[in-house]
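These notes are about the structure you will find just below.
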Amino acid sequence: MNTIRVGVRCDAGPRRGVGHLVRCLALAEEFQARGAHVAVFGTVERLDWAVAELAARGIELHPGPASPAGLVETAHRHDLDVMVLDSYELDPAGAGALRAAGVYTLAIIDGDSRGQVADLYLDQNFGAELPGPGTAAELAGLGAEVGLPGRLLAGSGYALLRDTVISARPPVAPPATAVSRPRVLAFFGGTDAVGAAPVLTRVLVATGHPMDLTVIVGRPEIEAEVDDVTPSRGQIIRPVPPTTSLPALITDADLVVSAAGTSTWELCCLGAPGALVCVVDNQRESYTRVVRHGLAAGLGELPELTAGGVAGRAARATAARTLHGLLSSPQRRATLAARAWSTVDGQGRARVVDAVFDAVRTAAVPG
Numbered sequence: 001m002n003t004i005r006v007g008v009r010c011d012a013g014p015r016r017g018v019g020h021l022v023r024c025l026a027l028a029e030e031f032q033a034r035g036a037h038v039a040v041f042g043t044v045e046r047l048d049w050a051v052a053e054l055a056a057r058g059i060e061l062h063p064g065p066a067s068p069a070g071l072v073e074t075a076h077r078h079d080l081d082v083m084v085l086d087s088y089e090l091d092p093a094g095a096g097a098l099r100a101a102g103v104y105t106l107a108i109i110d111g112d113s114r115g116q117v118a119d120l121y122l123d124q125n126f127g128a129e130l131p132g133p134g135t136a137a138e139l140a141g142l143g144a145e146v147g148l149p150g151r152l153l154a155g156s157g158y159a160l161l162r163d164t165v166i167s168a169r170p171p172v173a174p175p176a177t178a179v180s181r182p183r184v185l186a187f188f189g190g191t192d193a194v195g196a197a198p199v200l201t202r203v204l205v206a207t208g209h210p211m212d213l214t215v216i217v218g219r220p221e222i223e224a225e226v227d228d229v230t231p232s233r234g235q236i237i238r239p240v241p242p243t244t245s246l247p248a249l250i251t252d253a254d255l256v257v258s259a260a261g262t263s264t265w266e267l268c269c270l271g272a273p274g275a276l277v278c279v280v281d282n283q284r285e286s287y288t289r290v291v292r293h294g295l296a297a298g299l300g301e302l303p304e305l306t307a308g309g310v311a312g313r314a315a316r317a318t319a320a321r322t323l324h325g326l327l328s329s330p331q332r333r334a335t336l337a338a339r340a341w342s343t344v345d346g347q348g349r350a351r352v353v354d355a356v357f358d359a360v361r362t363a364a365v366p367g
């Protein structure tokens with residue numbers, strides 16, 4: 001069979017964030033490793049490092065069509081066999097239009113299929129395969145009732161992780177390690193679109209516990225706010241820009257504080273003891289399941305942590321107590337790390353590409 005040609009439709013930017021692009025980049029790496037040609041169609045705004053990541057892998061970046069007709073025209077012009085759709089903003093009818101045009105279509109979702117009619121659906125969130133409100137499994141059942149064709153890949157067994165994360169995965173879960181001044185890493189997506197870093201930096205400082213804190217600052221205005229935070233005795237705050245060395249920073253840290261988005265699966269794969277914040281509504285279901293099953297500690301939702309008055313003070317105090325407990329207890333951190341490490345094995349993207357290749361090759365066989 002000729003080389004399979006794959007298109008990826010996603011966007012990234014200071015306000016959109018980079019989660020969609022990062023997980024699609026992981027999928028692109030796996031497609032490339034299997035000999036496929038991959039191109040990205042979308043907008044990557046004010047993110048030179050992300051554009052450089054695509055260029056380093058030889059992945060072309062083209063403008064992203066928005067309409068169903070535009071998607072079909074683009075797929076035909078670039079002779080695509082497969083189109084991956086990863087967006088909350090695109091017209092949901094695009095998936096069905098591509099499929100009707102003979103382009104195998106994979107829709108990456110987070111609980112909500114948005115009515116897309118695709119050949120394959122992927123929801124990599126922990127517990128998405130379990131029955132229940134808001135899960136991909138529920139959506140698959142509803143889809144079966146109304147005759148939707150797509151197959152569902154659901155759960156953290158399909159987590160999409162980049163080469164740099166997979167290669168940094170330790171052979172066993174990290175053991176408990178006692179340190180007087182824990183190394184803490186805080187990051188909230190490639191751009192910190194919602195401005196979580198300054199809020200959580202202040203909460204970490206409020207623990208009063210000694211720490212060496214590295215904060216990834218995605219934008220200059222975020223860096224300025226973090227610089228204004230005054231550390232307590234025994235605390236060091238070090239703002240740094242987005243870096244390709246993030247997996248190494250994660251594995252070197254004694255505790256990682258992050259948003260409950262796509263980075264959750266990176267933390268799990270690397271066996272990092274994590275404390276998560278739900279920063280946007282579409283993270284809520286996954287955040288709740290991850291915290292309930294003890295894969296990470298929960299610090300609450302960002303609007304609660306930024307609220308004024310008694311409620312806001314109480315939410316920040318509760319989060320600070322949770323963080324203090326983790327900073328002062330190597331065993332608590334090790335327990336989280338072990339559960340997380342055993343949940344995500346780094347082979348998710350291979351399972352997804354297996355499913356795509358099996359379907360495309362089967363369709364190519366005459367008869």
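The sequence shown lines up with residues 1 to 367 when you count with full-length UniProt numbering.
A virtual CB, placed ideally from N, CA and C, is assigned to each residue, including glycine.
- Residue burial is scored here from C-beta neighbours: residue 293 has fewer than 16 other C-beta atoms within 10 angstroms and is therefore classed as exposed.
- Runs of beta strand (DSSP E) with 3 or more residues, each lying fully within the segment 222–282, are found at 235–240, 255–259, 274–278, listed in chain order.
- For residue 151, the pairing in a beta bridge is given by DSSP as 120.
- Per the coordinates, the alpha-carbon of residue 124 lies some 25 Å from the alpha-carbon of residue 303.
- The three-state reading of DSSP puts residue 160 in coil, since its state is none of H, G, I, E or B.
- Here residue 295 really is in contact with residue 126; their C-beta atoms are around 7 Å apart, less than 8 Å.
- Rounded to whole angstroms, the separation of the alpha carbons of residue 189 and residue 323 is 20 Å.
- Setting aside the 5 residues that flank it on each side, residue 6 is surrounded in the same chain by 31, 36, 38, 82, each with a C-beta closer than 6 Å to its C-beta; the list follows chain order.
- Of the candidates 74, 283, 343, 340, the residue whose Cα lies closest to the Cα of residue 109 is 283.
- Beyond the five residues adjoining it in sequence on each side, residue 240 comes within less than 8 Å, by CB distance, of 214, 215, 216, 217 in the same chain, given in chain order.
- Rounded to the nearest whole angstrom, the CA to CA distance from residue 118 to residue 86 is 12 Å.
- Buried is the label assigned to residue 223, since at least 16 other Cβ atoms lie within 10 Å of its Cβ.
- Counting along the chain, residue 44 sits inside no beta strand (DSSP E), nor does DSSP assign it H or E at all.
- Nearest to residue 17 by C-alpha distance, out of 246, 45, 276, 155, is 45.
- Contact annotation: residue 340 and residue 272 have beta-carbon atoms nearer than 8 Å.
- According to the DSSP assignment, residue 21 belongs to the alpha helix (DSSP H) that extends over 19–33.
- Here residue 212 is bridged, per DSSP, to 183, 236.
- Here residue 129 is not bridged, per DSSP, to any residue.
- Taken through DSSP and simplified to helix, strand or coil, residue 78 comes out as coil.
- According to DSSP, residue 110 shares a beta bridge with 112.
- One alpha carbon belongs to residue 281, the other to residue 2, and they sit about 42 Å apart.
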